[in-house]
Amino acid sequence: MQEAIANMKENALKSQLASRSLAGAACEELEDEGRFLMPSTSSLSRNIRRWRQKEDKVPPIPISRIVYVISEEFTCLQNREKVLLYDNGVEDENRILIFGTTEGLHDQEIYKTWACDGTFK
Numbered sequence: 565m566q567e568a569i570a571n572m573k574e575n576a577l578k579s580q581l582a583s584r585s586l587a588g589a590a591c592e593e594l595e596d597e598g599r600f601l602m603p604s605t606s607s608l609s610r611n612i613r614r615w616r617q618k619e620d621k622v623p624p625i626p627i628s629r630i631v632y633v634i635s636e637e638f639t640c641l642q643n644r645e646k647v648l649l650y651d652n653g654v655e656d657e658n659r660i661l662i663f664g665t666t667e668g669l670h671d672q673e674i675y676k677t678w679a680c681d682g683t684f685k
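Below you can see the structure in the form of structure tokens.
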């Protein structure tokens with residue numbers, strides 16, 4: 565059982581699969597006796613979320629838009645595709661960031677109807 569939990573933790577930190585999916589997969593690998601001894605799926609899911617939060621080391625929320633440098637890990641996808649398409653600069657008081665993908669831009673070219681969402685102040 566301990567080995568199954570260790571493997572589940574390793575998989576949780578390597579993948580973005582849902583916590584319940586990882587917990588279910590870990591339990592499937594066990595014999596009936598091992599499944600009986602495992603914590604509940606909700607407990608395993610909570611542990612997975614905690615492991616991920618501890619590992620992620622997300623930077624603090626910026627106090628201001630000015631002088632805040634966005635690290636490369638937050639400007640690209642895992643496949644290295646850029647998602648920060650526009651940044652008018654760290655010195656601009658009215659800083660504008662535009663996130664998207666090349667595929668998304670292509671879709672905007674070919675479709676006549678668009679929808680958008682965002683926070684506007």
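To convert, note that position 10 of the sequence shown is 574 in our numbering; the numbers rise steadily by one, no gaps. By construction, the Cβ of each residue, glycine as well, lies at the ideal position given by its N, Cα and C atoms.
Under 8 Å between C-beta atoms of residue i and residue j
i, j, result
"Leu-641", "Ile-662", "no"
"Ser-583", "Ser-607", "no"
"Ile-612", "Leu-586", "yes"
"Ile-627", "Arg-659", "no"
Under the three-state DSSP convention, the category residue i falls into
i, result
"Asp-681", "coil"
"Ile-662", "strand"
CA-to-CA distance, residue j to residue i, given in whole angstroms
i, j, result
"His-670", "Gly-664", "11 Å"
"Arg-599", "Leu-581", "21 Å"
"Ala-576", "Trp-615", "8 Å"
"Val-633", "Glu-595", "50 Å"
"Lys-618", "Ser-604", "21 Å"
"Lys-676", "Gly-668", "13 Å"
"Thr-639", "Lys-646", "6 Å"
"Phe-684", "Glu-657", "15 Å"
Local Cβ density within 10 Å of residue i, reported as buried at 16 or more and exposed below that
i, result
"Lys-590", "For the sequence presented, residue 590 should be read as Ala rather than Lys. By the neighbour-count rule (16 or more Cβ atoms within 10 Å), Ala-590 is buried."
"Ala-568", "buried"
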